[in-house]
Every structure is written in structure tokens, then in C-alpha cells.
Amino acid sequence: MTHGLKIRNGGRVVFDSTLAVGGVCLGIFVISGAARVFSFPNFPTGHAPVVVFGDGTTRSNWQYDEAMGYPRFTFPSTATASPDIRTFAGIYLK
1 MTHGLKIRNG GRVVFDSTLA VGGVCLGIFV ISGAARVFSF PNFPTGHAPV VVFGDGTTRS
61 NWQYDEAMGY PRFTFPSTAT ASPDIRTFAG IYLK
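FYI, the numbering for the sequence shown is 1 to 94, going by the working numbering.
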């Protein structure tokens, strides 16, 4: 039996961890309407960023940079989100 994570949106698989190659999960975080910044100063630069939202849709136009010499993900505030609406996002580097 294969173990892993599959995220579906309307029955369509949008992420399948059994097919993922060469990445590391930096964590799974709550994303709401408030702006959030996630920095990873212990990780090197030069990797491709990946964000997978728990509901299979993009709730925020996140940005990625390495300007500080380490990976940093920025999630801007969203005017349409209420404090009661939350989703989870897995942040990865590959």
C-alpha cells in the first residue's frame, strides 16, 4: 500500500505527494486574510518554491524571495477574507 498526501479540487487531484520528487516540506501553516511572512534562515538559497493550499485552490498570490540570503514566503492580506475563513498551506522547497 502506498502512503502519501493527495489533495483534490472538485474530484481532480491537484497534488500527489507520491509523485513529488526532491522536495522538502518546510511546514504547514494557517493562511487567513491577514498578511503573513514565513522566513527560513537555516535553509540555503537556489531552490524552487512550492505552495500547496489545503483546499486545492490558490487563496492568495504569495511571493517568494531570497533577498535576505535565505528563503522567505510572503502572503499578502486579502480584502475578501474574513477572520472566520482559513485554509492551510504547505510550504515546500525543491
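Idealized CB from N, CA, C, for every residue including glycine.
query                                                                                                                                           : result
For S77 and G33, which I take to be in contact (beta-carbon distance under 8 Å), what is that distance rounded to the nearest angstrom?         : 6 Å
Where does the unbroken beta strand (DSSP E) through F73 begin, and where does it stop?                                                         : R72 to F75
What separation, rounded to the nearest whole angstrom, lies between the Cα atoms of R12 and Y92?                                               : 21 Å
Can you tell me which of P41, L26, V51 and S60 puts its alpha carbon nearest to the alpha carbon of E66?                                        : P41
Since G27 and S17 should fall inside the 8 Å C-beta cutoff, what is the C-beta to C-beta distance between them, to a whole number of angstroms? : Actually they do not touch by this definition, with Cβ atoms about 15 Å apart.
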